[in-house]
Amino acid sequence: GNSVTQMEGPVTLSEEAFLTINCTYTATGYPSLFWYVQYPGEGLQLLLKATKADDKGSNKGFEATYRKETTSFHLEKGSVQVSDSAVYFCALSDQVGGYQKVTFGTGTKLQVIP
Amino acid sequence: KAGVTQTPRYLIKTRGQQVTLSCSPISGHRSVSWYQQTPGQGLQFLFEYFSETQRNKGNFPGRFSGRQFSNSRSEMNVSTLELGDSALYLCASSLAPLVEQFFGPGTRLTVL
């Protein structure tokens, strides 16, 4: 079945550091890929998405490129801020047995210190 | 455009009781999904409704059930509550089933 693997957290960075959160996936079809962010006490918010190979999703300085050859969708940001502290979830959406199914990773907690 | 709303935001129940959670999707969204989020298990898919029909179901016992109304609002019911049901229950809506979901703030359920 489909699966999403994210790097273990927590990840602690100093403000203005470069961020990479790794995400790899296995899927039987041609999935769409997503990054969601969850701030403390809130639900998940869609951060960015990519629907086909080599697509780059970007939003709020975050980027991720859909790499089919390495089945990866790593999240990057050039300069993190304290306000980026949150839990980040990688997810895929794929057709399984005629139905659309979504699979989430376990989440990676990011803490940015001033 | 109003986001996904969930009521109530917080609930405290005792073992054996039942609970009903409500979710109002974004206007125009016909797909509503429910998730359980716990520190130990992460985000787990409960079920998904589209046009009042349950289309997908996760691996949860029959105590967990749901329904969707003609206006796309959805309810989730948990009967015979157990301590392990304590969690944040998230609802998400989307235009089409399970693509680009928009999440509500969640209902925090505590079972004592």
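Respectively, the protein sequence lines represent chains R and P.
Residues 5 to 118 (my numbering) make up the first sequence, in order.
Residues 133 to 244 (my numbering) make up the second sequence, in order.
Cβ coordinates follow ideal geometry from the N, Cα and C atoms, glycine included.
Since we're looking at a predicted model, the values are computed, not measured.
| query | result |
| --- | --- |
| According to DSSP, residues forming a beta bridge with Met208/P | Leu153/P, Gly198/P |
| Whole-angstrom distance between Ile144/P and Leu244/P, CA atom to CA atom | 7 Å |
| Other residues of its chain near Ala31/R: CB distance less than 7 Å, five sequence neighbours each side excluded | Asn6, Leu96, Asp98 |
| Where Ile188/P meets chain R, residues with beta-carbon distance less than 7 Å | According to the sequence as given, residue 188/P is Asn; it is not Ile. Correct list: Tyr103, Lys105. |
| From Arg162/P, Gln150/P, Ser156/P, Gln138/P, residue whose alpha carbon lies closest to that of Thr212/P | Gln150/P |
| Extent of the continuous beta strand (DSSP E) run through Ala95/R | 90 to 100 |
| Chain-ordered chain R contacts of Glu232/P [CB-CB under 9 Å] | Ser36, Phe38, Leu50, Lys53, Ser97 |
| N- and C-terminal bounds of the beta strand (DSSP E) containing Lys189/P | 185 to 189 |
| Selection from Leu215/P, Ser204/P, Pro157/P, Val231/P that minimises the alpha carbon distance to Thr170/P | Leu215/P |
| Beta strand (DSSP E) segment containing Gly174/P, residue limits | 174 to 182 |
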